[in-house]
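The listed protein sequences correspond, in order, to chains A and B. Note that the first sequence covers residues 1 to 113 in the numbering used here. Note that the second sequence covers residues 114 to 223 in the numbering used here. C-beta: ideal position from N, C-alpha, C; glycine also. One structure is given here, and the rest of the page talks about it.
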Amino acid sequence: AQSVSQHNHHVILSEAASLELGCNYSYGGTVNLFWYVQYPGQHLQLLLKYFSGDPLVKGIKGFEAEFIKSKFSFNLRKPSVQWSDTAEYFCAVKGGSQGNLIFGKGTKLSVKP
Amino acid sequence: GAGVSQSPSNKVTEKGKDVELRCDPISGHTALYWYRQRLGQGLEFLIYFQGNSAPDKSGLPSDRFSAERTGESVSTLTIQRTQQEDSAVYLCASSFAEQFFGPGTRLTVL
């Protein structure tokens, strides 16, 4: 069965620090990859997605992610975090003929002002 | 509408009661998904509707769970004889290419 692993449960950073959240998936075929964000009290929003093409994907709010097929990874990065980035971040994969997304357990990011 | 809507936003029920949760997808989205998010966990897939095809029910945790969707419109998720472990946020998403999520229904079973 497909699975998604997010390595960090809770990350605490100071403002202006750089961020990298790890995501690895298990499916060996063609995949669509996503990062969703859930701000406190709000619903899930799409941050960025990879379907094909350039493996470095730019998303909203200065986030980016790099698809490395050989490592089955899709890590999320931001060069300089802000307090407003405090949220929970979910990596998800959609592979093959499946319709639904498989989600990781999420990483909670706390940014100290 | 502008986004996926779900109702009710919160539901508190007693163990053993049936509950019905509603999802209004984005107009024109052919696919509709239900997920469950338990405290401290990621999203768990429940069921997937694609157009008029038979739904993918592979994620439903027990036969107490069922869902319906008429055409490409509203969907209802029904949980019969609720148990305390059913307490979670139930999320609906609709999709044409990428999935857009609703705000969820927080279900608490006492």
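Residue i in three-state terms, based on DSSP
i         : result
Asp131(B) : coil
Gln67(B)  : The requested residue 67(B) does not occur in the structure, where chain B is confined to residues 114 to 223.
Ser14(A)  : strand
Tyr89(A)  : strand
Val187(B) : coil
Ala115(B) : coil
Asn123(B) : strand
Ala144(B) : strand
Gly95(A)  : strand
Ala180(B) : strand
Ile192(B) : strand
Ala1(A)   : coil
Where the beta strand (DSSP E) through residue i begins and ends
i         : result
Val4(A)   : Val4 to Gln6
Trp35(A)  : Val31 to Gln38
Thr212(B) : Note on identity: in this sequence residue 212(B) is Gln, with Thr being the wrong assignment. Counting along the chain, the beta strand (DSSP E) containing Gln212(B) begins and ends at Gln212 to Phe214.
Tyr27(A)  : Unbroken run through Tyr27(A): none, as it is neither H nor E.
Leu223(B) : Here Leu223(B) belongs to no beta strand (DSSP E), and DSSP marks it neither H nor E.
Lys105(A) : That residue, Lys105(A), is in no beta strand (DSSP E); it is neither H nor E in DSSP.
Rounded C-alpha distance that separates residue i from residue j
i         : j         : result
Ser52(A)  : Gly28(A)  : 15 Å
Pro40(A)  : Ser188(B) : 26 Å
Ile68(A)  : Glu198(B) : 38 Å
Gln212(B) : Leu48(A)  : 12 Å
Gly215(B) : Ser171(B) : 21 Å
Asn165(B) : Asn8(A)   : 40 Å
Pro55(A)  : Leu33(A)  : 11 Å
His143(B) : Gln163(B) : At residue 143(B) the sequence reads Thr, which differs from the His that was named. Taking the straight line from one Cα to the other gives about 6 Å.
Phe63(A)  : Gln42(A)  : 19 Å
Gln82(A)  : Ala115(B) : 28 Å
Ser3(A)   : Asn75(A)  : 15 Å
Proximity test, residue i beta-carbon vs the ligand ATP heavy atom, cut-off 8 Å
i         : result
Leu101(A) : Because no ligand of any kind appears in the structure shown, any question about the ligand ATP cannot be addressed here.
Member of the options whose CA lies at the smallest distance from the CA of residue i
i         : options                                       : result
Thr195(B) : Ser122(B), Ser207(B), Leu204(B) and Arg177(B) : Arg177(B)
Tyr203(B) : Val117(B), Trp147(B), Lys130(B) and Thr126(B) : Trp147(B)
Val37(A)  : Pro174(B), Ser118(B) and Leu156(B)            : Leu156(B)
Ile139(B) : Val222(B), Thr218(B), Cys205(B) and Thr221(B) : Cys205(B)
Leu152(B) : Lys105(A), Ser110(A) and Lys112(A)            : Lys105(A)
4 or more residues per run - each alpha helix (DSSP H) lying fully within the segment 148-175 of chain B: The segment 148-175 of chain B is shown to contain no whole alpha helix (DSSP H) run of 4 or more residues.
Contained beta strand (DSSP E) runs [length at least 3] in the segment 33-86 of chain A, N- to C-terminal order: 45-50, 56-58, 64-68 and 73-78
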